[in-house]
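Residue numbers (the numbering used here), protein chains in the order written: chain C, 48 to 200; chain E, 48 to 200.
Ideal placement from N, C-alpha and C gives every residue a C-beta, glycine not left out.
A quick note: this is a predicted structure, and the numbers were derived from the prediction, not measured.
Data block below; observations after.
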DNA sequence: CTATTATAAGACAAAAGACTCTCTAAATAG
DNA sequence: CTATTTAGAGAGTCTTTTGTCTTATAATAG
């Protein structure tokens, strides 16, 4: 898999948050239930995003997490970089350290191009884009459920 | 990383074989030395490729492995599929099982496009392409060495 | 035949990724 | 103040990947 599971969970969670009113704090418990992700595991991932400044958290009753910025201003790549780090989009396909323009591997050129297209896709897609699409077409963020049941209380 | 380490090792090894006379059997020991890969680990990977019919092996003195087909007829994707399996190019970016046209995740469309460009790149590049390029431009297949020293006896 | 050189196979260990469990601290509703 | 509900932090487990080591088997040069 290109993205780590942590990263995928982070994407699913922020995507879910993007479907909700931005003012509102969503408990992690609700996120983990709805998205069928281990509560404690998801907590750690979201803590990373909070530390990174992408999420805001609030303790106590009616607490939870919410997006720092509107979903339209957060690109998928922001989440990916925060969780998997920038290496994923700079690494050499053959795993050679320091592979770049001045000391490339034979595959460097082709891979750099492919990598760019991955980055462009992640850069050009916002959480809101996907949340809207999911809502409109009733897609799914989990193995069985669809968007409707996801948004039900 | 998109590709597993096993897969990368397999690519480096077959790439190395593609630089040599196709008739000749290359000992795995030589491959592991030149490419700085654990001998036993590399052995297993190459056994997979042999079982897959991409390599031919020969026991005894002057034995080793060689490519079954000329390097120009083996695409990178052949190696990738043999080692990492086809999932890597069919999997959902959000890890949802059965994600496809009829039951997609919100990211499916964008990801399918990106995935295609990865596959096209792997499909369109042959071992010979890269071997030639490596030889002509004296690139590297290992952390420190260059192609020249790689091909020296 | 025998020594040598290779593949082949399997048990095992280390490391990383994925996940669980437990405990603490903060915040607020009542 | 107190009970509740949350975030936060750390230890520990399970699984997969990666890598090592040991032994067996095949082939051939001499």
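When the Cα atoms are used, residue 166 of chain C and residue 154 of chain C turn out to be separated by approximately 18 Å. Residue 113 of chain E sits in a strand when the DSSP states are folded into three classes. Here the alpha carbon of residue 120 of chain C sits roughly 19 Å from the alpha carbon of residue 73 of chain C. Of all residues in the region 87 to 114 of chain E, none has a C-beta nearer than 9 Å to a C-beta of chain C.
Listed as beta-bridge partners of residue 103 of chain E by DSSP are E:113. Rounded to the nearest angstrom, the gap between the Cα atoms of residue 53 of chain C and residue 188 of chain C is 15 Å. Sequence-ordered contacts of the region 52 to 71 of chain E with chain C read 52, 55, 56, 58, 59 and 62 [C-beta pairs closer than 9 Å]. Listed along the chain, the chain E residues whose CB falls inside 7 Å of the CB of residue 161 of chain C are 164, 165 and 168.
If you draw a straight line from the Cα of residue 168 of chain E to the Cα of residue 59 of chain C, it is about 29 Å long.
In summary, residue 117 of chain E is exposed, with fewer than 16 beta-carbon neighbours lying within 10 Å of its beta-carbon over all protein chains present. For residue 157 of chain E, the closest Cβ of chain C is nearer than 8 Å.
Residue 140 of chain E sits away from residue 170 of chain E, with the two beta carbons spaced by 8 Å or more. For the 8 Å CB-CB criterion, residue 112 of chain C and residue 82 of chain C do not form a contact.
Looking at the DSSP output, residue 79 of chain C sits in no beta bridge, so it has no partner there. Look at residue 140 of chain C here: in three-state DSSP terms it is coil, with no helix or strand label.
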